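Participant: Take this structure first; my questions come after.
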Amino acid sequence: MKRGGEEKLRRGRGGRGEKGREGERNEEDARKIKRRREDALRRGEEEVFLRSICFLHSRIAMS
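Heads up: the sequence shown begins at 1 in UniProt numbering, then just goes up one per residue.
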C-alpha cells in the first residue's frame, strides 16, 4: 500500500492525475508551436513554421 507522499509524487503537480509533468511539458510545447505559428504566419513564412513544427514534434516523440 502506498503512503500519501509517494502517491502525490507519482501523480505529479497539482493533483492532475496521470498527466503530471509530461502533460505540462506537452502544454508548454503546444504554446511554443502556437506562438511560432502566429509569428510565421504574420511574416508569411510558412516554411519556417513547418520546420519548427517538425523539430518540436521530433522532440516530443523522443521524450
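The C-beta atom is built at its ideal place from N, Cα and C for all residues, glycine as well. Since this is a predicted model, take the numbers as computed values, not measurements.
Could you spell out the range, first to last residue, of the alpha helix (DSSP H) harbouring S52?
Facilitator: Taken as a continuous stretch (DSSP letters only), the alpha helix (DSSP H) holding S52 covers 46 to 62.
Participant: Between the Cα of C54 and those of D29, R42, G44, D39, spot the shortest distance and give me the residue it belongs to.
Facilitator: Nearest neighbour of C54 by Cα position, chosen from D29, R42, G44, D39, turns out to be D29.
Participant: Pull up the CB-CB distance for F49 and R36, whole angstroms please, since I reckon it's below 8 Å.
Facilitator: 6 Å
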